[in-house]
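Enquirer: These protein sequences, in sequence, are chains A and B.
Take 294 as the starting number for the first sequence in this note's numbering and just add one per residue.
Take 11 as the starting number for the second sequence in this note's numbering and just add one per residue.
This is the structure, below, for whatever I ask next.
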Amino acid sequence: MSADLFDLGFLEAADALAKKAVSSEELTSALLDRSEKLEPALNSLTWFSREAARAEARAADAARAAGDKRPFLGVPIAIKDLLNVKGQPCTAGSNILKGYVAPYDATVIARLRAAGCVFVSRTNTDEFAMGGSTETSAYGTTRNPWDVSRVPGGSSGGSAAAVAARLAPAALASDTGGSIRQPAAFCGVTGFKPTYGRVSRYGCTAFASSLDQVGPIARSVEDAAAVYQVIAGLDPHDSTTSPRPVGDGLPEVRAAKDLKGLKLGLPKEYFVEGLDPEVEKLTRAAVEQCRALGAEIVDVDLPHSQYGIACYYILAPAEASANLARYDGVRYGFRAESEDLLEMYEKTRAQGFGAEVKRRVILGTYVLSSGFHDAYYLRAQKVRTLIRGDFEKAFARCDAILGPVTPTAAFRVGEKSADPVQMYLGDIFTVNVNLAGICGLSVPCGFTPNGLPAGLHVVGPAFEEARILKIGAAYQHATDWHRKHPKI
Amino acid sequence: MAMKFSENADRMDVRYVAGLARMALSDKEETQLQGQLDDILAFVGELKKLDVSGVAPTDDASGTLNAWREDEPATGLAREAALANAPLARHGQFVVPKVIE
């Protein structure tokens, strides 16, 4: 191996390991060395253990020597600190889960483990995935590897920054309103949110259960597709998972080279005031690239797009207020001592939760409370129907939808943290995909004059993951934005 | 990016709602949250402008109604594993402050 080991992507690492050009222990050690070197500047990881990772890697090497030919045997992957990996801490970026050690594997982890992966590190997240910058993490803000004065996005900012900085070939993340795609765009990596119901959330710390979805952040669409293939599919532990067969789309994704015969929709609602002109320019250039690859570009309408953020900031906090009721200091996590049970709950939650979580839990409690339920929660559920309907109509006219992932490139640390509404508007192009329960992909599509990455959003109908992955792969076959690395 | 705020937005009693959510708030937090939640409520109140009469609510994005499986006994978490993260456990049980006088 001539290049640095940490340069290897997920599939490249699998190939190198299969050819015995490198051992899992060497690869894992290279990533841990790099993590130790860069973490003081990035803070993208909440936990890693050299001993634990090397033990897993050595076990993978021994299995290979004994004839084990599992496709991802010994391939390291980083995990968002929201997903339970048995024996590792799982904090969800919150003080209330400080010291919690996962007693079981999330289904996605069990599947990656069965495929042979090594869990090399845990990545930083906004507290309970509530945020768009990682600034709400109790473990400090992650920095963007392209400019450490800027945020990496969020909530999966740690996963995106770690993959961009090559601390791991790929990472698992979660997306409730854009938390995979937005940080992927900010960090110049590929992020993929599968359809609601495609990937199990069993063992994924719940935020808003009608919206949460687990997916990969990787260096390329191919790598994201490879991770997706392992984690997707029906799980008896998550009744929202679909029995629909996942199929093996990876060979087709790897072979995708053009977009002939595809109709791609361009919604005018995604090119509006508030979209940074430089990001717009990069998005439009990416759309032209898709046209040059053979796609027919058609105009589509998503008339209720502008209501997505308001709808989301009723539904998601409402669900969060219910999901986070379990953090009461009784069964796990932090407890504030008190002689009185009610006071123990109130003090535990007051001291254990950060400001953004408190804000959303109170908001969610309010919109569900007697007298306000119909005006807020029920109304938002109806608006959700309208937003879903927009996509159904649009997909009658096109195979997938293109647009920007974010209205701006990465902003500066602290720039938006005092104004929640401004922060929430950063999800304007991504939340509707969650509300509609469909799938979305963010692929790097260039850099602003400040040297900051931007992402092209490819949105597909429910369960058409293979289609949008092929579109992203064809785009990456023709471009090399995803091969650029930050100088860190 | 519509973000014109309604002028007659609701104003919540933050301390009361925090109580419903079992969260103590300091006076400083209450003041800060009141301002922020007023802004957020005004923002989400934009939905009131939409005509949603005759629209059915969506409560599940997948459109599935029920998922059935055989009701078969299976091994769950062992008691020791379930108690391992407890702030306080004794005699195989979670310990909480006394609730009965």
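Just so it is clear, CB atoms sit at the ideal spot from N, CA and C, and this is done for glycine as well.
1) Along chain B, in chain order, which residues have C-beta atoms closer than 7 Å to that of residue 824 (chain A)?
2) Determine the direct distance from the alpha carbon of residue 491 (chain A) to that of residue 95 (chain B), and round the result to whole angstroms.
3) Could you tell me which whole alpha helix (DSSP H) segments of length 4 or greater appear in the segment 298 to 357 of chain A?
4) Considering only their Cβ atoms, is the gap separating residue 505 (chain A) from residue 486 (chain A) smaller than 7 Å?
5) Quick check on this structure: which residue in A:527, A:375 and A:550 has the alpha carbon closest to the alpha carbon of residue 79 (chain B)?
6) I'd like to know whether the C-beta of residue 432 (chain A) is nearer than 7 Å to at least one C-beta of chain B.
7) Does the distance from the C-beta atom of residue 692 (chain A) to that of residue 555 (chain A) stay below 7 Å?
8) Compute the Euclidean distance between the alpha carbons of residue 522 (chain A) and residue 633 (chain A), then round it to the nearest angstrom.
9) Considering only residues of the same chain and omitting the five flanking positions on each side of residue 322 (chain A), which have a CB-CB separation below 7 Å?
10) Using beta-carbon positions only, say whether residue 459 (chain A) and residue 299 (chain A) come within less than 7 Å of one another.
11) Using 7 Å as the limit for Cβ to Cβ distance, is residue 56 (chain B) near chain A?
12) If you compare alpha carbons, which of B:104, B:50, B:60 and B:66 is closest to residue 90 (chain B)?
13) With a threshold of 7 Å between beta carbons, is residue 68 (chain B) in contact with chain A?
14) Say whether chain A places a C-beta atom closer than 7 Å to the C-beta of residue 48 (chain B).
15) Where do the ends of the alpha helix (DSSP H) carrying residue 461 (chain A) lie?
16) For the segment 612 to 632 of chain A, which residues have a CB atom closer than 8 Å to at least one CB atom of chain B, in sequence order?
17) When you compare the CB of residue 83 (chain B) with every CB in chain A, is at least one pair closer than 7 Å?
18) So is residue 369 (chain A) buried or exposed if we call it buried at 16+ other beta carbons inside 10 Å?
19) What residue from A:515, A:769, A:748 and A:649 has the CA that sits closest to residue 50 (chain B)'s CA?
20) Rounded to a whole number of angstroms, what is the C-alpha to C-alpha distance between residue 652 (chain A) and residue 42 (chain B)?
21) Rank B:22, B:108 and B:73 by C-alpha distance to the C-alpha of residue 729 (chain A) and give the top, closest one.
22) Only counting the same chain, and skipping five residues up and downstream in sequence, which positions put a Cβ closer than 8 Å to that of residue 722 (chain A)?
23) Counting only beta-carbon separations shorter than 7 Å, does residue 603 (chain A) have a partner in chain B?
24) Does the Cβ-Cβ distance between residue 484 (chain A) and residue 662 (chain A) come in under 7 Å?
25) Would residue 296 (chain A) be called buried (16 or more neighbouring beta carbons within 10 Å of its own) or exposed?
26) Whose CA, out of A:429, A:539 and A:417, lies closest to the CA of residue 524 (chain A)?
27) By the criterion of Cβ-Cβ separation under 8 Å, what are the contact partners of residue 513 (chain A) in chain B?
28) Counting only beta-carbon atoms, is residue 582 (chain A) nearer than 7 Å to chain B?
29) Any beta carbon of chain A sitting closer than 7 Å to that of residue 21 (chain B)?
30) What does residue 533 (chain A) touch in chain B if you count any residue whose Cβ is under 8 Å from its own?
31) Is there a Cβ from chain B that is less than 7 Å from the Cβ of residue 661 (chain A)?
32) For residue 32 (chain B), return the contacting residues in chain A, with the cut-off set at a CB-CB distance below 8 Å.
33) Name the chain B residues whose beta carbon is nearer than 9 Å to that of residue 456 (chain A)?
34) Residue 17 (chain B): buried (16+ other C-beta within 10 angstroms of its C-beta) or exposed?
35) Please classify residue 360 (chain A): is it buried, with 16 or more other beta-carbons within 10 angstroms of its beta-carbon, or exposed?
36) With 16 as the cutoff for other CB atoms within 10 Å, does residue 742 (chain A) come out buried or exposed?
Expert: According to the data block:
1) Given a span of 294 to 781 for chain A in the structure shown, any question on residue 824 (chain A) remains unanswerable.
2) On the second sequence, position 85 is the one that residue 95 (chain B) refers to. On the first sequence, position 198 is the one that residue 491 (chain A) refers to. Taking the straight line joining both Cα atoms gives about 30 Å.
3) 303 to 311 and 317 to 335
4) Residue 486 (chain A) sits at position 193 when you count from the first residue of the first sequence. Residue 505 (chain A) sits at position 212 when you count from the first residue of the first sequence. No, Cβ-Cβ distance for residue 486 (chain A) and residue 505 (chain A) is not below 7 Å.
5) Position 69 of the second sequence, counted from the start, is the residue given in the question as residue 79 (chain B). If we check each option's Cα against that of residue 79 (chain B), A:527 comes out closest.
6) The sequence position of residue 432 (chain A) within the first sequence is 139, counting from 1. It does not; no Cβ of chain B falls within 7 Å.
7) Here residue 692 (chain A) is taken as the residue at index 399 of the first sequence, counted from 1. Here residue 555 (chain A) is taken as the residue at index 262 of the first sequence, counted from 1. The answer is yes: Cβ separation under 7 Å.
8) Your numbering for residue 522 (chain A) matches position 229 in the first sequence. Your numbering for residue 633 (chain A) matches position 340 in the first sequence. One C-alpha to the other measures close to 49 Å.
9) Mapped onto the first sequence, residue 322 (chain A) falls at position 29. For residue 322 (chain A), where only same-chain residues beyond five positions count, the Cβ hits under 7 Å are 347.
10) The residue given as residue 459 (chain A) occupies position 166 in the first sequence. The residue given as residue 299 (chain A) occupies position 6 in the first sequence. The answer is yes: Cβ separation under 7 Å.
11) Here residue 56 (chain B) refers to the residue found at position 46 when the second sequence is read from its first residue. It does; some Cβ of chain A falls within 7 Å.
12) As a position in the second sequence, residue 90 (chain B) is number 80, starting the count at 1. Of B:104, B:50, B:60 and B:66, the residue nearest in Cα terms is B:104.
13) Within the second sequence, the letter at position 58 stands for residue 68 (chain B). For residue 68 (chain B), the answer is yes, since a Cβ of chain A falls inside 7 Å of its Cβ.
14) Within the second sequence, residue 48 (chain B) is the residue found at index 38, counting from 1. Residue 48 (chain B) does not count as touching chain A.
15) Your numbering for residue 461 (chain A) matches position 168 in the first sequence. Careful: residue 461 (chain A) lies outside any alpha helix (DSSP H) and carries neither H nor E.
16) 614, 618, 621, 622, 623, 624, 625, 626, 627, 628, 631 and 632
17) Position 73 of the second sequence, counting from 1, holds the residue named residue 83 (chain B). Closer than 7 Å: no.
18) Taking the first residue of the first sequence as position 1, residue 369 (chain A) is located at position 76. Result: buried.
19) By one-based count along the second sequence, residue 50 (chain B) stands at place 40. If we check each option's Cα against that of residue 50 (chain B), A:649 comes out closest.
20) Translated into the one-based positions of the first sequence, residue 652 (chain A) becomes position 359. Translated into the one-based positions of the second sequence, residue 42 (chain B) becomes position 32. So the alpha carbons of these two residues sit roughly 10 Å apart.
21) The residue labelled residue 729 (chain A) in the question sits at position 436 within the first sequence. For residue 729 (chain A), the nearest C-alpha among the options comes from B:73.
22) The residue labelled residue 722 (chain A) in the question sits at position 429 within the first sequence. Correct list, in chain order: 471, 563, 696, 697, 698, 699, 700 and 750.
23) As a working mapping, residue 603 (chain A) is identified with position 310 in the first sequence. Output row for residue 603 (chain A): interface = yes.
24) Within the first sequence, residue 484 (chain A) is the residue found at index 191, counting from 1. Within the first sequence, residue 662 (chain A) is the residue found at index 369, counting from 1. Contact flag unset, no.
25) Looking up residue 296 (chain A) in the first sequence gives position 3. Residue 296 (chain A) is exposed by the Cβ-count criterion.
26) Translated into the one-based positions of the first sequence, residue 524 (chain A) becomes position 231. Considering only alpha carbons, the answer is A:539.
27) By one-based count along the first sequence, residue 513 (chain A) stands at place 220. Neighbours of residue 513 (chain A) on chain B: none; closest Cβ ~28 Å, over 8 Å.
28) As a working note, residue 582 (chain A) is residue 289 in the first sequence. No, because no Cβ of chain B sits closer than 7 Å to the Cβ of residue 582 (chain A).
29) Here the question's residue 21 (chain B) lines up with position 11 in the second sequence. It does not: the Cβ of residue 21 (chain B) has no partner Cβ on chain A nearer than 7 Å.
30) On the first sequence, position 240 is the one that residue 533 (chain A) refers to. Near residue 533 (chain A) (Cβ distances below 8 Å), the residues of chain B are 70, 72, 74 and 77.
31) Against the first sequence, residue 661 (chain A) aligns to sequence position 368. Output row for residue 661 (chain A): interface = no.
32) To locate residue 32 (chain B), count along the second sequence from 1; it is residue 22. Near residue 32 (chain B) (Cβ distances below 8 Å), the residues of chain A are 618, 621, 635, 638, 639 and 642.
33) As a working mapping, residue 456 (chain A) is identified with position 163 in the first sequence. Going along chain B, no residue has its Cβ under 9 Å from residue 456 (chain A), so there is no contact; the nearest lies around 27 Å.
34) Taking the second sequence and counting its residues from 1, the one referred to as residue 17 (chain B) is at position 7. No answer about residue 17 (chain B) holds up, because its pLDDT of 48 lies below 50 and its placement is not dependable.
35) Mapped onto the first sequence, residue 360 (chain A) falls at position 67. So residue 360 (chain A) ends up on the exposed side.
36) The sequence position of residue 742 (chain A) within the first sequence is 449, counting from 1. With fewer than 16 Cβ atoms within 10 Å of its Cβ, residue 742 (chain A) is classed as exposed.
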